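Down below is the structure, laid out as structure tokens.
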Ligand SMILES: NC(=O)c1ccc[n+]([C@@H]2O[C@H](COP(=O)([O-])OP(=O)(O)OC[C@H]3O[C@@H](n4cnc5c(N)ncnc54)[C@H](O)[C@@H]3O)[C@@H](O)[C@H]2O)c1
Ligand SMILES: [Zn+2]
Ligand SMILES: [Zn+2]
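In my numbering, the protein residues as written are 305 to 708.
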């Protein structure tokens, strides 16, 4: 079968690989009908999410049809359409039973304290082969797979595999309550779903910050008030827009590949620039290998974190869903402490939120497919990755057709 395979930093290839087989009684084999490229995949290819094993199939967003089930998958049949949650949980341990699926005690073969198990990630997450492929083995399929009604399209469903639940989770972590003013850093696909989710959770205003016009326009279409950090200082602007109070809640939907301002009043001074460069070294552990303007790690890993603590109101709260690697130890803890902030972070417990978000889609109150900007056959996956990596206009969310 065809799959997108990781070979090294800046080296991914479309290859023919063997089809997966059932190995555990709770496994299912799913034939993918839709997959997608995510900002998380970029961290791994850029080298800012280290520890990838050569030969791992990439991708953690998938929708498909059950092809085959193990003997302990007694709730699904071949032919069922399903959403595959990005993270894997066993459904038996106390964490899963409390809804903390991404902190499952059993799913990660590296041990109960190794962290979230997910498809197509670094060694410490399993590793499990990913979903940018024609078929995938899904562990604990009886727990993870969410059945899909015919009324929900693949385009709607693929947004529910990772990024809509993650945006929703970001708003939950930030403790959004009715009337709040919420600032969302990052207007990529996850940031756009954070905007939508913040409104759905009752936000009165949402302010979206990014440096890319097309992504800001996506946030504006969802009725966020937009700020371009290459034109205005986002902290000064958020204070100005809130009469000096700041945002009640902040969602960081940027992560380690954050950029600093390249123009305008927010360009960092020489000392700040040196500090960001040192962080980039630490984050990539020397493993980055950009090719021209492709696969370039972000030049200010803690920039979104700094802006978050500066832009939030006193005693406000911050939810961090942008991914940071264990190698990065830069968070402005002193400023946060001095302002009595609450900061919550994490890997989304996808399985916990997918059913309720699916019901919103079924009820017609939201169409998550509107965030998709591109459909590509998997045969063009590498070109699609590169265009998304360079954040070319019109390449905000790329959905892949695994069979084409
Ligand atoms: N926690 C989770 O479970 C989870 C799940 C999915 C994705 N993620 C993470 O969420 C993040 C966003 O994912 P995505 O697919 O939207 O990625 P993306 O790379 O498409 O989007 C990131 C956006 O942030 C913008 N940006 C860069 N520097 C910025 C700054 N200093 N301030 C404001 N915006 C800035 C970029 O221009 C871009 O539009 C990634 O870090 C991804 O790994 C986390
Ligand atoms: Zn993703
Ligand atoms: Zn579990």
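Glycine included, C-beta positions come from ideal geometry on N, C-alpha and C.
Keep in mind that this is a model prediction, so the values were computed, not measured.
query, result
"Nearest-angstrom Cα separation, counted from residue 557 out to residue 315", "25 Å"
"Where residue 404 sits in the DSSP three-state scheme", "coil"
"Meets three-Cβ-pair contact criterion under 8 Å: the segment 449-464 and the segment 421-437", "no"
"Assigned exposure category for residue 641 - 16 Cβ within 10 Å defines buried", "exposed"
"Collapsed DSSP secondary structure at residue 399 in the structure displayed", "helix"
"For residue 347 and residue 424, believed in contact at Cβ under 8 Å, the rounded distance", "Their Cβ separation, rounded to whole angstroms, is 12 Å, which puts residue 424 and residue 347 out of contact at 8 Å."
"Beta-carbon proximity of residue 616 to residue 661, cut-off 8 Å", "no"
"Given 8 Å, three or more beta-carbon pairs between the segment 356-370 and the segment 477-497", "no"
"Straight-line Cα distance separating residue 471 from residue 501", "6 Å"
"Opposing strand residues paired with residue 340 [DSSP bridges]", "703"
"Rounded C-alpha distance that separates residue 319 from residue 606", "35 Å"
"beta-carbon residue 467 near ligand 2 non-hydrogen atom, thresh 7 Å", "yes"
"The segment 688-701 / the segment 336-346 touching (three or more Cβ pairs under 8 Å)", "yes"
"Separation of residue 697 from residue 656, as counted between CA atoms", "33 Å"
"Boundaries (first-last residue) of the alpha helix (DSSP H) holding residue 664", "654-667"
"Residue 403 beta carbon near ligand 1 (any heavy atom closer than 7 Å)", "no"
"Pair within 8 Å by beta-carbon distance, residue 394 and residue 418", "no"
"Test item: CB-CB of residue 717 and residue 589 under 8 Å", "Because the chain here runs from 305 to 708, residue 717 falls outside it and cannot be looked at."
"Exposed unless 16 or more other CB atoms sit within 10 angstroms - verdict on residue 610", "buried"
"When 565, 523, 569 and 504 are compared against residue 540, the one with the closest alpha-carbon", "569"
"Among 352, 385 and 647, the one whose alpha carbon lies nearest that of residue 366", "385"
"Near ligand 3: residue 409 beta-carbon under 7 Å from a heavy atom", "yes"
"One or two residues paired with residue 679 in a DSSP bridge", "703"
"Length at least 4, wholly inside the segment 533-561: the alpha helix (DSSP H) runs in chain order", "538-545"
"Complete beta strand (DSSP E) runs within the segment 548-630 (minimum length 3 residues, chain order)", "551-556 and 616-624"
"Delimiting residues of the alpha helix (DSSP H) encompassing residue 511", "Taken as a continuous stretch (DSSP letters only), residue 511 belongs to no alpha helix (DSSP H), being part of the beta strand (DSSP E) at 509-514."
"According to DSSP, residues forming a beta bridge with residue 368", "336 and 386"
"Helix, strand or coil at residue 428 according to DSSP, with G and I counted as helix", "helix"
"C-beta contact flag for residue 551 and residue 487 at 8 Å", "yes"
"C-beta atoms of residue 706 and residue 336 nearer than 8 Å", "yes"
"Where residue 693 falls, given that 16 or more other Cβ within 10 Å makes a residue buried", "buried"
"Burial state of residue 446 (16 or more Cβ within 10 Å)", "buried"
"Rounded separation between residue 620 and residue 523 - CA only", "23 Å"
"Residue 320, enclosing beta strand (DSSP E) - first and last residue", "315-320"
"Best match in 614, 604 and 666 for proximity to residue 633 [C-alpha to C-alpha]", "604"
"Check: residue 503 C-beta below 7 Å from any heavy atom of ligand 1", "no"
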